[in-house]
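Quick note: the sequence shown uses the working numbering, first residue 5, plus one each step. Beneath this line is the structure, given in structure tokens, with notes to follow.
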Amino acid sequence: MPDTPPKSANFYAGGLDRASHLRKDAAWLAERLPHATSRFVPVWRGQNLIADYESAAPHGVFLPPEAIAAADYEIVLLGIESDGAYFAVDLSAMETPLDTIKAPELWSQGPPAAFSDLRRVGPLLPRHEASLLAFARGMSYWHSRHRFCGVCGSPTRGEEAGHVRRCTNEACNAPHFPRTDPAVIMLVHDRDERCLLGRQAAWPQGMHSTLAGFVEPGESLEEAVAREVYEETSVTLASVTYHSSQPWPFPASLMLGFHAEAKSTEIVVDQTELEAAHWYEKSWLLAHQDDEHFRLPRRDSIARRLLEDWLRR
């Protein structure tokens, strides 16, 4: 029986109207960039600006236009909400980016704001803020990796409010668009009684998660699910069912989530991919509390969503 579609979006998804129809409207952009209702989402070397970042309730910093000094920053229109426009601004060229922000209230009230890895605070943020910060991070990463044309090697420049980079060589003039790497992530179960979880040596102590891997050229998603599971554990699959997706700009992925039923259950771990993999009984997982020996995936991940939906369905 097919899974019931999830009723809510995964973490980092959702957000504002991306207003793609306004990206080519130079007059609208010129009016909105300095507008009092516009807000800028700063990114610095892959990190987002977070206020109260050491507290139990951190929040993203969204700057008014006057807080950003005029300079050759990479600006990207993220979208609109109500009457306000949101723009990502990349401050990565600055060694001390906080010195360039003209917002003294950030430093005079409460704990200081700081640039932080979004994954460090993501689960604690309001979902709407998290999605905006993730979008800004992803676009800034793409711009930083496509400053030169992949066709002829000439420099590129941003167009269409930061959603296109075009080669500056007139003989080439190739357009380049933001890229997202598709990756499958799957919870494999055995007749709905136990599930397959693995662990990589580089993960935090005790953390276990679902299997995952990138989609290869010329491969369907279902084929990628079956291949990755077999490569990592030698388990074969009887069926694959789509669950949901999640933007994961760490650095540039779209996670495509599946539930899959195992056909075979003997595990042979590929040690180049995983440190270990085991079957875990549903009853044990429901009763267990995270500890240093075994903990579930992070709460903002689709891996956690796949597991919790399976445990409670």
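Glycine included, each C-beta is placed from N, C-alpha and C at the ideal position.
- Can you name, in chain order, every residue of its own chain whose Cβ lies under 8 Å from the Cβ of S42, other than the five neighbours on each side? R36, P68, P69, G88, A89, Y90 and F91
- Query: Using CA coordinates, which residue listed in A256, Q209, V229 and L225 is at the minimum distance from S144?
  - Reply: A256
- Determine the closest residue to P182 out of A266, L225 and R141, with distance taken between C-alpha atoms. R141
- Query: So is R195 buried or exposed if we call it buried at 16+ other beta carbons inside 10 Å?
  - Reply: exposed
- Tell me which same chain residues have a C-beta within less than 8 Å of the C-beta of E232, skipping the five on either side of it? V188, M190, L215, A216 and G217
- Query: Between which two residues does the beta strand (DSSP E) harbouring G50 extend?
  - Reply: From DSSP, G50 is part of no beta strand (DSSP E); its letter is neither H nor E.
- Item | Own chain partners of R149 with C-beta closer than 6 Å, once the 5 adjacent residues on each side are dropped | none
- Leaving out the 5 sequence neighbours to the left and right, which residues in its chain are closer than 7 Å to L315 when beta-carbon positions are compared? K286, L289 and L290
- Query: Buried or exposed: T240, going by 16 or more other Cβ atoms within 10 Å of its Cβ?
  - Reply: exposed
- Mind checking E133: buried by the 16 CB within 10 Å criterion, or exposed? buried
- Item | Distance, H193 Cα to E242 Cα | The displayed chain sequence assigns Ala, not Glu, to residue 242. Roughly 10 Å separates the two Cα atoms.
- Hey, is the stretch 247-262 in contact with the stretch 164-175, meaning 3+ C-beta pairs nearer than 8 Å? no
- Task: Could you check what DSSP says for I271 in three-state terms: helix, strand or coil?
- Result: coil
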